[in-house]
Amino acid sequence: MKTVCSIGAFVQALATQSQASHGFDLASSGRAAEAELIRITVAVDPREELFEIVRQIDQLTEFPPVIVFDDVRGSQFPVVVNLLATEQRCAQMLGVPHWNDISQLFPFSRSINSEAKGFLWSTATEPIIRQRTVASQQVIRLGGEVDLGTLPGIYRQTQSPHPVLFHAHSVTRGTGGDRSVDRCHLSILDGKTLICDWPLGSAAPRHLEEARAAGQPLPVAFVIGSDTASYAMDGRWLNLHPACWGRDVWEFLGRQRESGFVVARARTSDIDVAGDAEMILEGVIDTGVVNVPHHLETRRSGWQSEVAEFPLARITAITHKALPLVPMVLPETRESHLADRLLEQVSRSRLSSIIPELNELYFPALQEGHQLIVASLKSSDVGRARQLIHAIWSLPILSEAKLVIIVDNDVDIRDQSAVWRAIVREAGFPEDIEYSRGTGVPWSKPPSSVEFLSRQNPGMPLIFSGQKIGIDATRKKRVSDSDDQLSRATIEKVKARWDEYGLSEYLRTPGLL
Numbered sequence: 153m154k155t156v157c158s159i160g161a162f163v164q165a166l167a168t169q170s171q172a173s174h175g176f177d178l179a180s181s182g183r184a185a186e187a188e189l190i191r192i193t194v195a196v197d198p199r200e201e202l203f204e205i206v207r208q209i210d211q212l213t214e215f216p217p218v219i220v221f222d223d224v225r226g227s228q229f230p231v232v233v234n235l236l237a238t239e240q241r242c243a244q245m246l247g248v249p250h251w252n253d254i255s256q257l258f259p260f261s262r263s264i265n266s267e268a269k270g271f272l273w274s275t276a277t278e279p280i281i282r283q284r285t286v287a288s289q290q291v292i293r294l295g296g297e298v299d300l301g302t303l304p305g306i307y308r309q310t311q312s313p314h315p316v317l318f319h320a321h322s323v324t325r326g327t328g329g330d331r332s333v334d335r336c337h338l339s340i341l342d343g344k345t346l347i348c349d350w351p352l353g354s355a356a357p358r359h360l361e362e363a364r365a366a367g368q369p370l371p372v373a374f375v376i377g378s379d380t381a382s383y384a385m386d387g388r389w390l391n392l393h394p395a396c397w398g399r400d401v402w403e404f405l406g407r408q409r410e411s412g413f414v415v416a417r418a419r420t421s422d423i424d425v426a427g428d429a430e431m432i433l434e435g436v437i438d439t440g441v442v443n444v445p446h447h448l449e450t451r452r453s454g455w456q457s458e459v460a461e462f463p464l465a466r467i468t469a470i471t472h473k474a475l476p477l478v479p480m481v482l483p484e485t486r487e488s489h490l491a492d493r494l495l496e497q498v499s500r501s502r503l504s505s506i507i508p509e510l511n512e513l514y515f516p517a518l519q520e521g522h523q524l525i526v527a528s529l530k531s532s533d534v535g536r537a538r539q540l541i542h543a544i545w546s547l548p549i550l551s552e553a554k555l556v557i558i559v560d561n562d563v564d565i566r567d568q569s570a571v572w573r574a575i576v577r578e579a580g581f582p583e584d585i586e587y588s589r590g591t592g593v594p595w596s597k598p599p600s601s602v603e604f605l606s607r608q609n610p611g612m613p614l615i616f617s618g619q620k621i622g623i624d625a626t627r628k629k630r631v632s633d634s635d636d637q638l639s640r641a642t643i644e645k646v647k648a649r650w651d652e653y654g655l656s657e658y659l660r661t662p663g664l665l
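Just so we're aligned: the sequence shown equals residues 153 to 665 in the numbering used here.
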């Protein structure tokens, strides 16, 4: 399968693969073998029903399949979810064989990147290839033909005020010409207006402030389902190492391909749009219009108020493929957790250049992204765990982490019991606790939102200030190598004599399935 391709081609390949492998696995007590893709052809209500179907499938399957909803009531377009719901599919969409290979796409130097597997670090072509005719503009709707009501907006709850297009990507440009391609959620206010919900750290709010200062509207395009690699990525990741990776997702991807990243000019503005996208929503944000207070339904509210200001985008054109799909990553699903965990691999590459002894990184809190980070360390140097804690907090997107736990490399960081055991046994209080009262993350917030929230809550501290705790749960007294070798020798001795003990008649030999 050509894994870095359009979303439609990726789904078609999975459908073909599922048809070829579908059947019953007698070894699993008669249960049907899990397919890679399931297509639901009956009509599904976008108010809660679609969410509940995905939630139930999450609970019933070890590896959630891609689900295509052919008939979402009120919409002309099918919806696809769970593209990023397994580690293997995440790797395939980014063009590498395995989950642990993802970090190779984000090396800490250009020379290493030229030898990385997966994408090719190309200098023979321009990273951005502009074309006049692209797939994402096969169908064009302008002016009165624009109707956002035909899109499959999903209601997270029945009482949700507006339907939402989850996991779109916004494209904006600053006054200096820098481009931002960032994930966002879009609430449909009416047939021609969207509420833009950008995440912390997005450059789009800064572009909006620059346009407001210049007294100009901000052209914007929302990409629904670009190619598989850009769909999986988040523009904020590049802030971890802009000197090497740059700040533009499309240029980053284009430099790693022989053919570059294909774009075309938008139909109603001079910004670029992705050529292989399923759908493009073009519009403009009027900077003279007051942002609307809106309940934070799609964001995590860790350091945020219950209400924040959101800009309104007036949609002027909708373009799409002849037969488009609308991919989404629904909140509070296993796909959402895997989409957040992709940052583990990106961060590991950057952090390893700062702390070479870093062994592994893990985001265990389901649906809470990188608010909780567990890391394992190979070093026995005193104070090295504390250095790793501050290295994590020093990276822009990871500075949001409220709790960082460092354990030894022989602790299984995916085993919650093992991590808690390490904390209870090894962490001393207060000497092994690193506490930050808040360093602030000014890159992550538009000034207007702070002013608005301060007016609503005059006595509250600075928003997004980032109070957080780090715990050093590594052993302070190291076991000698000779003791470790002695333990391993004893383990092997017991395994070798298992039959001699007479235990193999009742129990399988340790280490064997």
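Note that CB positions come from ideal geometry on N, CA and C, so glycine has one too.
The model shown is predicted, which means the values in this text are computed figures rather than measured ones.
Original post:
Measuring CB to CB, does ILE190 end up less than 8 Å from ILE219?
Top reply: To locate residue 190, count along the sequence shown from 1; it is residue 38. To locate residue 219, count along the sequence shown from 1; it is residue 67. Yes.
Subject >> Distance, ALA355 Cα to ILE234 Cα >> reply: As a working mapping, residue 234 is identified with position 82 in the sequence shown. As a working mapping, residue 355 is identified with position 203 in the sequence shown. The question names Ile, but residue 234 in the sequence shown is Asn. Whole-angstrom Cα-Cα distance: 27 Å.
**OP:** Starting from the Cα of VAL156, find the closest Cα among SER227, GLN408, THR642 and ASP492 and give me that residue.
**Re:** Residue mapping note: residue 156 aligns to position 4 of the sequence shown, counting from 1. It is GLN408 whose Cα lies nearest to the Cα of VAL156.
Original post:
Taking just the CA atoms, how far does SER499 sit from ASN391?
Top reply: Here residue 391 refers to the residue found at position 239 when the sequence shown is read from its first residue. Here residue 499 refers to the residue found at position 347 when the sequence shown is read from its first residue. Computed Cα separation, rounded: 11 Å.
Original post:
Alpha carbon to alpha carbon, what distance is there between PRO216 and ASN511?
Top reply: The residue you call residue 511 lines up with position 359 of the sequence shown. The residue you call residue 216 lines up with position 64 of the sequence shown. The alpha-carbon atoms of ASN511 and PRO216 are separated by roughly 28 Å.
Original post:
How long is the line joining the alpha carbons of LEU341 and PRO198, rounded to whole angstroms?
Top reply: To locate residue 341, count along the sequence shown from 1; it is residue 189. To locate residue 198, count along the sequence shown from 1; it is residue 46. Going by the C-alpha atoms only, they are around 16 Å apart.
Subject >> In chain order, each alpha helix (DSSP H) run of at least 4 residues that lies wholly inside the stretch 197–272 >> reply: 201–212, 239–246 and 262–265
Original post:
For VAL286, which beta-bridge partners are listed by DSSP?
Top reply: Locating residue 286 in the sequence shown gives position 134, counting from the first residue. Per DSSP, none; premise fails for VAL286.
Subject >> Candidates ILE347, ALA469, GLN244 and CYS396: closest to GLU461 by CA position >> reply: For this step, residue 461 is matched to residue 309 along the sequence shown. Nearest of ILE347, ALA469, GLN244 and CYS396 to GLU461, Cα basis: ILE347.
Original post:
LEU317 to GLY305, Cα distance in whole Å?
Top reply: Within the sequence shown, numbered from 1, the residue matching residue 317 stands at position 165. Within the sequence shown, numbered from 1, the residue matching residue 305 stands at position 153. So the two alpha carbons sit approximately 5 Å from each other.
Original post:
Just to confirm, are PHE203 and LEU482 a CB contact at a threshold of 8 Å?
Top reply: Looking up residue 203 in the sequence shown gives position 51. Looking up residue 482 in the sequence shown gives position 330. It is a contact, given that the beta carbons lie within the stated cut-off.
**OP:** Out of ALA429, HIS359, LEU555 and GLU361, state which residue places its alpha-carbon closest to the alpha-carbon of ALA381.
**Re:** By one-based count along the sequence shown, residue 381 stands at place 229. Among ALA429, HIS359, LEU555 and GLU361, the Cα nearest to that of ALA381 is on ALA429.
Original post:
Under a three-way DSSP split, which group does CYS157 fall into?
Top reply: Locating residue 157 in the sequence shown gives position 5, counting from the first residue. Coil at CYS157, not helix or strand.
Original post:
Would you call the CB atoms of SER339 and HIS472 closer than 8 Å?
Top reply: Along the sequence shown, read from residue 1 onward, the residue named residue 339 stands at position 187. Along the sequence shown, read from residue 1 onward, the residue named residue 472 stands at position 320. In this structure, HIS472 does not lie closer than 8 Å to SER339 by Cβ.
Original post:
Whole beta strand (DSSP E) runs in the stretch 522–588 with 3 or more residues, listed along the chain?
Top reply: 524–529, 555–560 and 585–588
Original post:
Going straight from the alpha carbon of SER656 to that of LYS647, what length do you get?
Top reply: As a working mapping, residue 656 is identified with position 504 in the sequence shown. As a working mapping, residue 647 is identified with position 495 in the sequence shown. Roughly 10 Å separates the two Cα atoms.
Original post:
CB-CB under 7 Å to GLU603, same chain, minus the five flanking residues each way: which ones, in chain order?
Top reply: Working through the sequence shown from its first residue, we reach residue 603 at position 451. With a pLDDT of 47 at GLU603, under the threshold of 50, the modelled position of this residue cannot be trusted, and the question is left open.
Subject >> Beta-carbon proximity check, VAL534 vs VAL571, cutoff 8 Å >> reply: Locating residue 534 in the sequence shown gives position 382, counting from the first residue. Locating residue 571 in the sequence shown gives position 419, counting from the first residue. No, the pair does not count as a contact, with Cβ atoms beyond the cut-off.
Subject >> Where SER666 falls: helix, strand or coil (DSSP) >> reply: The requested residue 666 does not occur in the structure, where the chain is confined to residues 153 to 665.
Original post:
What residues are listed by DSSP as bridge partners for ILE292?
Top reply: As a position in the sequence shown, residue 292 is number 140, starting the count at 1. Paired residues: THR471.
**OP:** Can you have a look at ARG577 and say buried or exposed, based on whether 16 or more other CB atoms are within 10 angstroms of its CB?
**Re:** Numbered from its first residue, the sequence shown carries residue 577 at position 425. Burial call: exposed.
Subject >> Rounded straight-line distance, which links the Cα of ILE281 to that of GLY247 >> reply: By 1-based counting over the sequence shown, the position of residue 247 is 95. By 1-based counting over the sequence shown, the position of residue 281 is 129. Approximately 20 Å, taken between the alpha carbons.
Original post:
Mapping DSSP to helix, strand and coil, what is LYS647?
Top reply: Here the question's residue 647 lines up with position 495 in the sequence shown. In the structure shown, LYS647 sits in a helix (DSSP, three-state: H, G or I).
Subject >> Span of the alpha helix (DSSP H) around SER501 >> reply: Against the sequence shown, residue 501 aligns to sequence position 349. 486–506 is the extent of the alpha helix (DSSP H) around SER501.
Original post:
Under the three-state reduction of DSSP, which class applies to PRO371: helix, strand or coil?
Top reply: Within the sequence shown, residue 371 is the residue found at index 219, counting from 1. Three-state DSSP puts PRO371 in a strand.
Original post:
Among all the DSSP beta bridges, which residues are the ones paired with LEU317?
Top reply: For this step, residue 317 is matched to residue 165 along the sequence shown. For LEU317, which the question treats as bridged, DSSP gives the partners LEU338.
**OP:** Kindly list the residues whose CB is nearer than 7 Å to the CB of SER227, restricted to its own chain and excluding five residues on each side of it in sequence; keep chain order.
**Re:** Along the sequence shown, read from residue 1 onward, the residue named residue 227 stands at position 75. Around SER227: THR302, LEU303 and PRO304.
Subject >> Presumed contact (8 Å Cβ cut-off) between MET385 and VAL401, rounded CB distance >> reply: Stepping through the sequence shown from its first residue, residue 385 is reached at position 233. Stepping through the sequence shown from its first residue, residue 401 is reached at position 249. MET385 to VAL401, Cβ: 5 Å. Contact.
Original post:
On the three-state DSSP scale, how would you describe ARG640?
Top reply: In the sequence shown, counting from the first residue as 1, residue 640 sits at position 488. In the structure shown, ARG640 sits in a helix (DSSP, three-state: H, G or I).
Original post:
From ALA426 to ARG417, what does the alpha carbon distance come to, in whole angstroms?
Top reply: Here residue 426 refers to the residue found at position 274 of the sequence shown. Here residue 417 refers to the residue found at position 265 of the sequence shown. About 9 Å.
**OP:** Could you tell me the distance, in whole angstroms, from the CA atom of ARG573 to the CA atom of ASN252?
**Re:** Taking the sequence shown and counting its residues from 1, one reaches residue 573 at position 421. Taking the sequence shown and counting its residues from 1, one reaches residue 252 at position 100. ARG573 and ASN252: Cα-Cα distance of roughly 26 Å.
Original post:
What is the rounded straight-line gap between the Cα of GLU200 and the Cα of HIS522?
Top reply: Position 48 of the sequence shown, counting from 1, holds the residue named residue 200. Position 370 of the sequence shown, counting from 1, holds the residue named residue 522. Answer to the nearest angstrom: the Cα atoms are 27 Å apart.
**OP:** Could you tell me the distance, in whole angstroms, from the CA atom of PRO508 to the CA atom of GLN497?
**Re:** In the sequence shown, the residue the question calls residue 508 occupies position 356. In the sequence shown, the residue the question calls residue 497 occupies position 345. Whole-angstrom Cα-Cα distance: 15 Å.
Original post:
In three-state DSSP terms, what is PRO479?
Top reply: Position 327 of the sequence shown, counting from 1, holds the residue named residue 479. Reduced to three states, the DSSP call for PRO479 is strand.
Subject >> VAL401, enclosing alpha helix (DSSP H) - first and last residue >> reply: Numbered from its first residue, the sequence shown carries residue 401 at position 249. 401–407 is the extent of the alpha helix (DSSP H) around VAL401.
Subject >> Assigned secondary structure, ALA165 (DSSP; H/G/I helix, E/B strand, else coil) >> reply: What you label residue 165 is simply residue 13 of the sequence shown in a count that begins at 1. In the structure shown, ALA165 sits in a helix (DSSP, three-state: H, G or I).
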